[in-house]
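Worksheet for the structure shown next.
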Amino acid sequence: MSLLLDAGISARATQERITSIGCSARPTAIFITHEHADHVQHVARVAQSSGAEVWINEGTRGACKGRTDGLKCRELGVESVRVGPMLVEPVVKPHDAAEPVAFLVHCGDATLGFFTDLGHVDATVGAAIRRCTAIIIEANHDSGMMEQGPYPPWLRARVGGLHGHMNNADAAQAIAQYANPHLRHLVLAHLSKENNSTELVRQAMIAALGSQSSFTRRLSMQDRATPLLDATGRVAVSAVG
Ligand SMILES: [Zn+2]
Ligand SMILES: [Zn+2]
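All the letters of the sequence shown, read from the start, carry residue numbers 665 to 905 under the numbering used here.
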């Protein structure tokens, strides 16, 4: 039994990356966070090739420009959805999309939080972070690098705004402020190619969390899967896109 959260890379690349980390499972269900292309553009082929059912809320589906046409979609509401032993809980998040959500995936004692794309950490998201034993959160950009970078002012304002994307320092601060002592794994994801570097993410994490912590820290790169993480002994997690 496995879940896929978002479908922004091709069906072939998705399956290749799942295989590259030693998994053979095809996703049983796909849950969509919001309608931006890098999260939903390949949902039709991924769903058709895997046979997975697609869970998507009404606002996101309406804003998807027909990408889910012809698919048998299940309507995601505010209630949690059970998929085998897993319970998927939508969490409303601030982002410039129609009805964006983060997800908590509960299984046994484990709770994975999936927090991209995120303008800022509000009280709802902070409370969700507090419940996690594994977290995938975006560290999208370094504010100073974006200021000097190629983006025009309107785009800098959008990305850096309260409904845009999290910068490295804010992501690190959110973990320092909200993570609970049972957190086992932290994955920093959705790094901007233009406005970030792995070294800047590392420096921001060390500044907020120190160089040692009781949980593992990893970076998710856009061109490959992250190694499989064991969130409890029973639940495995990877970021494939
Ligand atoms: Zn987005
Ligand atoms: Zn995105």
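C-beta atoms are modelled at their ideal positions from N, C-alpha and C, and glycine is treated no differently.
Distances taken from the Cβ of His700 to the heavy atoms of ligand 1 include one shorter than 6 Å.
At the C-beta level, Thr890 and His849 stay beyond 7 Å of one another. Secondary structure of Ala853 (DSSP, three-state): strand. Per DSSP, Met750 is one residue of the beta strand (DSSP E) stretching across 750 to 756. Using a Cβ distance threshold of 7 Å, Ala761 and Glu699 count as a contacting pair. Just so you know, the alpha carbons of His854 and Asp834 end up roughly 14 Å apart. Distances between the C-beta of Asp781 and the heavy atoms of ligand 1 include at least one below 6 Å. Counting only residues of its own chain and dropping the five nearest sequence neighbours on each side, His846 has a CB closer than 6 Å to the CB of Thr797. Cβ-Cβ distances below 6 Å link Asp806 to Asn832, Asn860, Leu864 in the same chain, with the five nearest sequence neighbours on each side left out; the list follows chain order. Distance from the Cα of Gln679 is smallest, within the candidate group Asp733, Val710, Arg882, Arg738, for Val710. Inclusion of Ala821 and Met869 in the CB contact set at 7 Å is not warranted, their separation being larger than that value. With a cutoff of 7 Å on beta-carbon distance, Leu735 and Ser744 are scored as not near each other.
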